[in-house]
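Protein chains in written order, with the numbering used here: chain A, 1174 to 1561; chain B, 1174 to 1561; chain C, 1174 to 1561; chain D, 1174 to 1561.
Beta carbons: idealized from backbone N, C-alpha and C, even for Gly.
Protein chains: 4
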Amino acid sequence: MSPELTARPEHKFSFGLWTVGNRGRDPFGEAVRPKIEVADMLRGLADLGVYGVSFHDDDLMTFGAPESQRRAELDAFKKTLDETGLVCSMATTNLFYHPVFKDGAFTSNDPQVRRYAIQKSMRNIDVAAELGAPIYVFWGGREGVESAAAKDTRDALARYAEALDFLAGYVKDKGYDIRFALEPKPNEPRGDIFLPTVGHALGFISTLEHQEMVGLNPEVAHETMSGLSFYQGVAQTLWQGKLFHIDLNDQRIGRFDQDFRFGSEGIKDHFFLVRLLENSGYAGVKHFDAHAYRTEDVEGVWDFARGCIRNYLALAEKAREFDSDPRVAAAMSYTGVPQLAEPSVGPYSTEAAAGLMDEQFDVDSLASRGFGIEKLDQLVVDHILGIA
Amino acid sequence: MSPELTARPEHKFSFGLWTVGNRGRDPFGEAVRPKIEVADMLRGLADLGVYGVSFHDDDLMTFGAPESQRRAELDAFKKTLDETGLVCSMATTNLFYHPVFKDGAFTSNDPQVRRYAIQKSMRNIDVAAELGAPIYVFWGGREGVESAAAKDTRDALARYAEALDFLAGYVKDKGYDIRFALEPKPNEPRGDIFLPTVGHALGFISTLEHQEMVGLNPEVAHETMSGLSFYQGVAQTLWQGKLFHIDLNDQRIGRFDQDFRFGSEGIKDHFFLVRLLENSGYAGVKHFDAHAYRTEDVEGVWDFARGCIRNYLALAEKAREFDSDPRVAAAMSYTGVPQLAEPSVGPYSTEAAAGLMDEQFDVDSLASRGFGIEKLDQLVVDHILGIA
Amino acid sequence: MSPELTARPEHKFSFGLWTVGNRGRDPFGEAVRPKIEVADMLRGLADLGVYGVSFHDDDLMTFGAPESQRRAELDAFKKTLDETGLVCSMATTNLFYHPVFKDGAFTSNDPQVRRYAIQKSMRNIDVAAELGAPIYVFWGGREGVESAAAKDTRDALARYAEALDFLAGYVKDKGYDIRFALEPKPNEPRGDIFLPTVGHALGFISTLEHQEMVGLNPEVAHETMSGLSFYQGVAQTLWQGKLFHIDLNDQRIGRFDQDFRFGSEGIKDHFFLVRLLENSGYAGVKHFDAHAYRTEDVEGVWDFARGCIRNYLALAEKAREFDSDPRVAAAMSYTGVPQLAEPSVGPYSTEAAAGLMDEQFDVDSLASRGFGIEKLDQLVVDHILGIA
Amino acid sequence: MSPELTARPEHKFSFGLWTVGNRGRDPFGEAVRPKIEVADMLRGLADLGVYGVSFHDDDLMTFGAPESQRRAELDAFKKTLDETGLVCSMATTNLFYHPVFKDGAFTSNDPQVRRYAIQKSMRNIDVAAELGAPIYVFWGGREGVESAAAKDTRDALARYAEALDFLAGYVKDKGYDIRFALEPKPNEPRGDIFLPTVGHALGFISTLEHQEMVGLNPEVAHETMSGLSFYQGVAQTLWQGKLFHIDLNDQRIGRFDQDFRFGSEGIKDHFFLVRLLENSGYAGVKHFDAHAYRTEDVEGVWDFARGCIRNYLALAEKAREFDSDPRVAAAMSYTGVPQLAEPSVGPYSTEAAAGLMDEQFDVDSLASRGFGIEKLDQLVVDHILGIA
């Protein structure tokens, strides 16, 4: 293992302003850390070798402030991006914090709120375009219900699709080079959130007018909350050509949204995840959407940020070692992993069907094969632990 | 509430042979109940006013038996269907019980197993067609992994799609009037099963060659295991036009696959579910895929079956009462439920965008609206409890 | 079902000031409702027929304010209690909101914080005594870790016990008529909280110096988060003589701490819970520790409070009806419920052991008994739905 | 990291006969592997350097067979123990597989079943004594309910305690050198199992007549199913002096009972667990209660067994390295870990209370301390990954 596990911009790591900027407020306690100025955050991230930053409109430009102030805040941000060499890799709209969104944004029962949410998004899409952000994320944190009586889900999905179709139309009309990435989450802060998993979002995208420009931004914590395998979800997303962005953090199953340091909980899951990202040709940023424990002061925030990067790079190196270990190749072959890439029957034809119907199978003999997966999986653990 | 909560065939309730036939075997214990003969099951179900029955190939025709015996078993089944007036409402392949499928069926690493699984399905599709079953279900219970090293998920999904495309081709080529319904499940018996939720299956269907003939068979227990809302999943499935069949039973979140009597656990969830099914125009069967507690003898099995039906009918009646209660209509109106059916902005146009950009919103005023959902939801509880 | 489902003081319902006072702040959004003055809360609760109120020190007396102001706030509270006839049924210390407790209170790694937490508790125990509160609750929401490296759990439990022993000593020394009730929670806001379930707290109590004055305050939401049965936990707590107080609300398994209106989610669980409380002779208050959905304005807050009470009373009436239904008695008898109250073997003696060793059992015959639980459980559902 | 990660008897690893003997039967599939003879299992385990084996009565002696056959089976087992040098480190009763226990064993509603269960346990306690097993485990897998109507939990707990008191009396009367270890589990195969967690069992033990001879056998999978921290549960068990035995395996939260290879899932949790066991002075066996994936043949079973041991030993070595790393000691000190071992206030006295009441705390200053836990926790991850 190389001693050097620090980032360079070509690694394409990014952080949200709200991550290193998180002040430790939670449902049972107030903020514990002072505000870090945006410019200081950017400089700190640049010092860590980070490539990009992302933002919500309200992170950057004071909500409800006069346009002149918002422009000044934006210009200051652009200036610091220039100074630090960081790129703006993603933008998104805050459609959850203000009480106006308490019943939803694109799916609020109040049509005025829905229109306001779309307008707020358009305004920030303009900002995203100005900043050159290639990805615009939609996390519909308030799009949901506590009581199923409060919305007809089919209406809600229709409104959700309507908003995305309208905004995609806007991007195309304006000629912006921006793609959309939906970020699923099963619950919290709502009882049930619409589009709860990467799967539901993939299904939903197939109904959209401009579906080619809409993909996903899966998040470790969100998928893990329900105990679903994040790795499997990302793999399906990649298979469907829809991995546009990714939110890396950590989480235990069946708990509140924890947003822990990447690599601090699900070590084995993340080994597979990093290996998949590295081997798949995924060219987007690796975006850390996490925050430091509430026990930490500002120094701890930077420890946290360094840890996210360090764990990703360590796992990437382990994945390379794993894939170049001849014992692994032999075990993979024994398990039949390469065989799964071969077609089973090929495309349908009457002749192919007839041929297959005539085949004789020695079922008991096929059943007696051992697949050697305990041995293969132990090689995974060995590489993770560094004892291979 | 009417005293009469018993089924008539026009209610379109159905049961799988393996449900009333369940003998109480579990991972820690052997069978506790004697085998019920298929003919006796059908007569018992017909006596309860049931409409249809469903089967796995191996429920009906002895696995590995000579064709003459299998034909005799099938003919006996057809005869009893005729006698009882029951229809065969769904068929499916057992691709999970025999050791040959221990590593998967359509996604086994062994190409011979994959071919055998497709052949086994074709043979039973022929049986389904002979029996007039309109729906063929695919539950890929063994399509998954314990270790992510053992399969490249993208290959696995490609093989899964290949198998379904081939089988859909077969159905079309044969001119069978059969549609496919995929049944998602997150885990058990595999560590992670591919297509873990209705969402993932909806996304997957959008990649299939004959996607118009492939929909879903969502199951209460499977979706509930991960704590996702079954109601919300069914609503999205309906919205996407993909509810082809449904498996009704009951389950607690975060536990093994319990397959409890419908209506015995998640009473409020099921009120919303039944209301949705009844109001949506869903015309398929209501299929109970559940079994009696292991404490029960044969008499308890029939108590169980009656209970499933009784709870569905009681909730359907409560849903009708709820929807005709003027206080409910008033509360819905206050909450703005009907407003969610109105377009927010309509289709995109440059003019519509410009107009929206110019709108002024009184955000604080919009934020002050109370949505009255506690009152509305309490009316739900009142109707469920019969105290409205 | 009687039309009258409203509270009277003799029902002994109570609410925390923070429940109707909850302003809808959550991790992703700010407060949505205005502050309700304490006196208005008390009057509103008295109007609903409530018996008691509970408070954290900081709910009542401004944190860090001069003693004169705190005394004035306390006196105003006492005056309104007198006016409304409400009693102060429980008090507790806020050891979680201020940043000083970010690493824990009784188990903070910082000894000064631990001493401060004990002092803060003593001061409020004095207030509790002045107000006549018979129960003092300890919810150790910050007593835990995100990383197991950060505390030796055995030290943490020793400090926890030390604090409780000291405070119990204080109560005894002062001659206060107060008992302690520990409130377990598995996680949130900490990654893992010490004493995560009623079980762990019961085990812990057995190590305390003054264990006779320490019992539990189980909460629906906290126990349900982990998917454990709240009913079973309360039953064990009663069996061990340790049910000193109870927090009623509602929650879905495997999610963030939802604190929903009592009876709005787990209807069947709550039927059993209310039946148990009503039949057990439990004489403490029924304390609602919940809050209105964030979609609600102040009117919705009172709808919420009425709903909690209504659901408890409705379930209590259903429990009475269930227990007086002769079909239920017959089904219970068939299932053998009364037989479980009979000793199996009695106390050990050499003779009893020898006799038992000589007994012959017809195991297959015993195994053939059906327990009729599907029928019995359906009677439960029938009574809940009001269709019995 | 030393290349040598194989067991020696002094490591005190043990396996159950049912673990390497597991044939891969599950709820949806039949056995996939041939039966391994008991003698072959013992020889295989001895070859791996294992110390002990454990058994259920029915693993060793055919259920219902004549006493002569059972004696011959037992004698054969003793002979092979002698040959291999393995010790019998634990015994337990199978009170779950036969249909007679479908409603419970010690808590069956049928008093005859309860008496039979106690007799069956006494007979096997005699065998355990003959074999020199120091620990007798009680896993009450069938002690529970699907419907809370079917048992009064308080009666069930009373019967449970009665059975354990009787059996403890028997052990004492016979002069056997055996201690009891209760094994908690939340659910599966029952809907809710009594004594669902280590906490509930610790609470229950405090009610027993011979509580000094009753402790726990916590199992990774059982505690993890509910998302509780196994590490924290074991730590409390140790703190209460009740860790008599431990079941090591692996599991994902919120799923069926998976019994995976130890160290194959929760790597970070197990680092802390192994460190705790190694540092605590725990002198019992490390018992693997797990089984090979169902994809495996007999060769895979031994790969599985080797992997369990290898992972334990690797984590133990990492724990030693962690504890001897001076950067870890510095980080621990910064976090204040050693400070938690210091008393906060000492035992109660009027003077101590008065002194504490007079203390002044600079709360804001105390609140400003950062605890450095991100840095400390990253050192944990570094040591696990071997990149420290």
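Open item on the list: Determine whether the beta carbon atoms of R1216 of chain B and R1206 of chain B lie at a separation below 8 Å.
Closed with: no
Task: P1239 of chain C classed as buried or exposed, judged by whether at least 16 other C-beta atoms fall within 10 angstroms - done: exposed
Task: Start and end residues, beta strand (DSSP E) containing K1185 of chain A - done: It is not in any beta strand (DSSP E) - K1185 of chain A carries neither H nor E in the DSSP assignment.
- [ ] Tell me whether S1453 of chain B sits in a helix, a strand or coil according to DSSP, three-state version.
- [x] helix
- [ ] Out of C:S1453, C:L1450 and C:E1319, state which residue places its alpha-carbon closest to the alpha-carbon of E1469 of chain A.
- [x] C:E1319
TODO: Under 7 Å between beta-carbons, which chain D residues line up against Y1270 of chain B? List them in chain order, please.
DONE: F1201, G1202 and E1203
Open item on the list: Within the continuous beta strand (DSSP E) that includes V1260 of chain A, where are the two ends?
Closed with: V1260 to T1265
TODO: Let me know the secondary structure DSSP gives L1421 of chain B once reduced to three states.
DONE: strand
Open item on the list: Looking at the secondary structure, which residues open and close the alpha helix (DSSP H) in which F1477 of chain C lies?
Closed with: V1471 to D1496
TODO: Report yes if the CB atom of G1222 of chain B is closer than 8 Å to the CB atom of C1261 of chain B, and no otherwise.
DONE: no
Task: Simplified DSSP assignment, three categories, for E1392 of chain A - done: strand
Open item on the list: Give me the residue from C:M1505, C:T1192, C:Q1413 and C:D1550 with the minimum Cα distance to A1478 of chain B.
Closed with: C:D1550
Task: CB contact below 8 Å: S1379 of chain C versus chain D - done: yes
TODO: Write down the C-beta distance between N1360 of chain A and V1310 of chain A rounded to the nearest angstrom, noting that I regard them as a contact closer than 8 Å.
DONE: 19 Å between Cβ atoms; not a contact.
- [ ] Please check if any C-beta of chain A sits within less than 8 Å of the C-beta of T1468 of chain C.
- [x] yes
TODO: Decide if M1174 of chain C is buried, meaning its Cβ has at least 16 other Cβ atoms within 10 Å, or exposed.
DONE: Confidence at M1174 of chain C is low in this model, with a pLDDT of 46, below 50, so its placement is unreliable and the value that follows should be read with caution. The residue in question, M1174 of chain C, is exposed, as its Cβ has fewer than 16 Cβ neighbours within 10 Å.
Task: Cβ pair Q1413 of chain C, G1364 of chain A closer than 8 Å - done: no
- [ ] Answer with yes or no whether the minimum CB distance from D1231 of chain C to chain D is below 8 Å.
- [x] no
Task: Segments of 3+ residues assigned as beta strand (DSSP E) that fall wholly inside the region 1302 to 1377 of chain C - done: 1308 to 1312 and 1352 to 1356
Open item on the list: Beta-carbon within less than 8 Å of D1476 of chain A's beta-carbon, same chain only, minus the 5 sequence neighbours each way: which residues are those?
Closed with: A1465 and E1469
TODO: Give the secondary structure of K1208 of chain A by DSSP, where H, G and I count as helix, E and B as strand, and everything else as coil.
DONE: coil
Task: Straight-line Cα distance separating H1271 of chain A from Q1292 of chain A - done: 15 Å
Task: Cβ-based burial, T1179 of chain D [other Cβ within 10 Å; buried from 16] - done: exposed
Task: Simplified DSSP assignment, three categories, for H1383 of chain C - done: coil
- [ ] For V1553 of chain D, return the contacting residues in chain C, with the cut-off set at a CB-CB distance below 9 Å.
- [x] S1320, A1321 and A1322
TODO: Report all residues from its chain with a CB closer than 7 Å to the CB of L1401 of chain A; omit the five preceding and five following residues, and keep chain order.
DONE: T1370
Task: Against chain B: residues of the region 1406 to 1436 of chain A by CB proximity under 7 Å - done: A1408, Q1409, L1411, W1412, Q1413 and G1427
Open item on the list: For a contact defined as C-beta to C-beta under 7 Å, what are the partners of F1477 of chain B on chain C?
Closed with: E1547
Open item on the list: I want to check one thing, is the minimum distance from the CB of I1419 of chain B to the heavy atoms of the ligand HEM below 7 Å?
Closed with: Absence of the ligand HEM is noted for the structure shown, with no ligands found whatsoever.
Task: Proximity winner among D:R1425, D:F1429 and D:R1448, relative to E1438 of chain A (alpha-carbon distances) - done: D:R1425
Open item on the list: Tell me which residues share the same chain as M1234 of chain B and place their Cβ nearer than 7 Å to its Cβ, disregarding the 5 neighbours each side in the sequence.
Closed with: R1243, E1246 and L1247
Task: Secondary structure of F1461 of chain A, DSSP reduced to three states - done: strand
TODO: Closer than 7 Å by beta-carbon distance: list the chain C residues that pair up with A1487 of chain B, in chain order.
DONE: L1558 and I1560
Open item on the list: Between N1297 of chain A and chain C, is the shortest Cβ-Cβ distance under 8 Å, so that the two count as touching?
Closed with: no
- [ ] Name the one or two DSSP bridge partners that L1416 of chain A has.
- [x] A:L1389
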